[in-house]
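The next block holds one structure in the form of structure tokens; read it before the comments.
Residue numbers (our numbering): 824 to 1512.
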């Protein structure tokens, strides 16, 4: 019975279906060989033909190379290294070094390749690192940072362990070259071996080798100078050669500097000639740093560089012409601007009072685009007529609306900048709010820095501070681009202090300023301190109430922080916190609607007539007008040095006798005495005569 052989593809059919199929080559193109798949390296083997050049031609080519190029050739392959660094090829190095202009010849005790490597490479002589920028020609070493730190030391440090006599140490240091640096005067001085001291730096192996070097003692009749020169001949020769190399470097730098100046002058002449051909005159050329940078370059002017350079130069020339034009019309523009400012103020007076509050002042109005164009109209010739001004009224109002938006954004930007220095809650409260909404928050209170720079000053809302600034400072700019270094107004409230005041009264923190002011004027929201200097509710608003409470709190914390902690402190001095914002005795109260508001109007105004007379006599006892009355308790219980840095504000007394009595009783639990009123003038406490 014959058995049939299985078909050729039976094994493939019987193979499990899970085995991956063999990948097939993509049809449609020839298969690349393995050599063709290798990455292409340009230039590989291009110098291989040099090995087949006749030797005389090959040596002639090498003799024309720069020493650095000759070093590179010696590192191409072992064969070239054997040829180039052979003693028979010394003439190549001599010819190459001779081709360098004015280069001092190679010393006899140094090979030409080592001399070339010292001068032209950046390879460390000791470790072979390629970042060796430090070189010294006297010790003939180029070293990297690590080798220099470990092998270059002072003579005193190297010889400290030898315990040699001082004269012998000086002799050994004179026999060895020391580091000269790059200064010619120092190099010339160190040519004298007697100038080598323990402060100079040496190559450690060189100085240590000198300790074991034999030398002949001076024979009878030999001068000490001649003997010293013979012993130190090597060091003297090395130092003199180092000086010649430093002179060569200095001459080379001067030559390159002259060549650079010549190239720059040629560039400048070529550029100037082309500009003159275009119709410009030298009077049109500016004298700016940018112009000089473009006009003096170490390049050769080509058509391509000129096409790139021309528009830059023409822009600078046009800027120069514009600047001259601006200078020629500046006085006329200033005159017309003053006329525009007068017409603008007359226009603002015709607007409703509420609309005037956020209008720009005279200075900022003259910076609006429409009024700037009007001031420069017709090359600023003639006067500005009221008719021309009235034609721009609609455009002026549109520009003023844009200014109002920028002014609000400026105020909000300042609040946000200050909030970053306080706490995150403040920023979270402003998140998602428009500028109008932020400026209605209780913490949107400001103070004019042009009027008040220290303790005091009126706190105002945004609209009030802007109206004040427009009316009081027409010659200054509101500066829509707010910068911390030049504030014209300052945000004086903080989120935490506003929150403490409102929480004490049980008022929501996001209550608008207008609502708070209404509660205050209707005597429902008030401070229970009974301060006689506090106006009646009808004259109060939220900024004034906040200023009253925050300044009292600031005064307490500053005085408490400046109290004397030494034995000189007044033991029985009392400093009470008169405006607590938490607990059952919180000073801020909210009266329910419809309840009696008599408590909001109470003031401590009753004092004995005799005490009033004593206070008035004491206040009138100091005739100097600039003197400030200070509280004697606040002053004596705190450190006096704080008075030198503007600390008189938190120690000042109220202006009225009622206020003085109230301060002494509420803050210090004391009755009035003449000694409790001190005077501060000219930066110090006044001494009574």
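We put the beta carbon where it would ideally sit given N, CA and C, even for glycine.
Exercise for the section: Can you give me the start and stop residues for the alpha helix (DSSP H) that residue 977 sits inside? Expected result: Looking at the DSSP string, residue 977 is not in any alpha helix (DSSP H); the run it does join, the beta strand (DSSP E), is 975 to 977.
Practice task
Specify, as a first and last residue, the run of the beta strand (DSSP E) that residue 1059 falls within.
Solution key: Note, residue 1059: premise wrong, no beta strand (DSSP E); alpha helix (DSSP H) at 1056 to 1100.
Handout entry: residue 1461 in three-state terms, based on DSSP
Key = strand
Problem - Own chain partners of residue 1093 with C-beta closer than 7 Å, once the 5 adjacent residues on each side are dropped - result: 1124
Exercise for the section: Check each candidate in 1395, 894, 1199 and name the one with the smallest Cα separation from residue 934. Expected result: 894
Problem - Cβ-Cβ distance between residue 961 and residue 1016 below 8 Å - result: no
Handout entry: Straight-line Cα distance separating residue 1397 from residue 1495
Key = 14 Å
Handout entry: Which of helix, strand or coil DSSP assigns to residue 1179
Key = helix
Handout entry: Selected residue, minimal CA-CA separation from residue 1196, among 1172, 1173, 1163
Key = 1163
Handout entry: Rounded C-alpha distance that separates residue 1024 from residue 1000
Key = 9 Å
Problem - Runs of alpha helix (DSSP H) lying entirely within the segment 1362 to 1398, each at least 4 residues, in chain order - result: 1365 to 1384
Handout entry: For residue 1023, three-class secondary structure by DSSP
Key = coil
Problem - Rounded C-alpha distance that separates residue 852 from residue 1129 - result: Legend: pLDDT at residue 852 = 49, less than 50; position of this residue unreliable, value from coordinates given subsequently. Each residue's Cα considered, the two are about 49 Å apart.
Problem - Any alpha helix (DSSP H) of 4 or more consecutive residues that is wholly inside the segment 1442 to 1502 - result: 1455 to 1459, 1480 to 1491
Problem - Endpoints, the beta strand (DSSP E) within which residue 1321 is located - result: Note, residue 1321: premise wrong, no beta strand (DSSP E); alpha helix (DSSP H) at 1318 to 1328.
Handout entry: Reduced DSSP secondary structure (H/G/I, E/B, other) of residue 1249
Key = helix
Handout entry: Residue(s) in a DSSP beta bridge with residue 958
Key = 965
Problem - Cβ shell of residue 1450 (< 8 Å), same chain only, five flanking positions each side left out - result: 1502, 1503, 1504, 1509
Practice task
For residue 1269, write down the residues that DSSP places opposite it in a beta bridge.
Solution key: 1283, 1314
Handout entry: For residue 1027, the nearest candidate out of 1209, 975, 1071 (CA to CA)
Key = 975
Handout entry: For residue 1132, the first and last residue of its enclosing alpha helix (DSSP H)
Key = 1126 to 1172
Exercise for the section: Measuring alpha carbon to alpha carbon, tell me which of 1360, 1424, 1403, 1187 ends up nearest residue 1374. Expected result: 1403
Practice task
Pick helix, strand or coil for residue 1508, following the three-state DSSP scheme.
Solution key: strand
Exercise for the section: Could you tell me if residue 996 is buried or exposed, where buried requires 16 or more neighbouring beta carbons within 10 angstroms of its beta carbon? Expected result: buried
Practice task
Would you mind reading off the limits of the beta strand (DSSP E) that contains residue 1430?
Solution key: Here residue 1430 belongs to no beta strand (DSSP E), and DSSP marks it neither H nor E.
Practice task
Tell me whether the beta-carbon of residue 1245 lies closer than 8 Å to the beta-carbon of residue 1340.
Solution key: no
Exercise for the section: Quick one: grab the DSSP three-state call for residue 938. Expected result: helix
Problem - Contact set for residue 1007: own chain, Cβ-Cβ below 6 Å, skip 5 residues either direction - result: 1069
Practice task
Report the residue from 1219, 1173, 1233, 1156 whose alpha carbon sits nearest the alpha carbon of residue 1207.
Solution key: 1156
Problem - Whether residue 1214 touches residue 1235 by CB criterion (8 Å) - result: no
Exercise for the section: Compare the C-beta of residue 1112 with all C-beta atoms of chain B and state if any pair is closer than 8 Å. Expected result: The chain inventory of the structure shown lacks chain B, comprising one protein chain alone.
Exercise for the section: For residue 1083, count neighbouring Cβ atoms within 10 angstroms of its own Cβ and tell me buried if that reaches 16, exposed if not. Expected result: exposed
Exercise for the section: Please name the residue in 1127, 1102, 1100, 1136 whose C-alpha comes closest to that of residue 1113. Expected result: 1136
Practice task
Would you check if the segment 1357 to 1367 and the segment 1449 to 1468 touch, i.e. whether three or more CB-CB distances between them fall below 8 Å?
Solution key: no
Practice task
Report the residue from 1063, 1250, 1458 whose alpha carbon sits nearest the alpha carbon of residue 1003.
Solution key: 1063
Problem - Cβ contact (3+ pairs, closer than 8 Å) linking the segment 1400 to 1420 and the segment 1455 to 1465 - result: no
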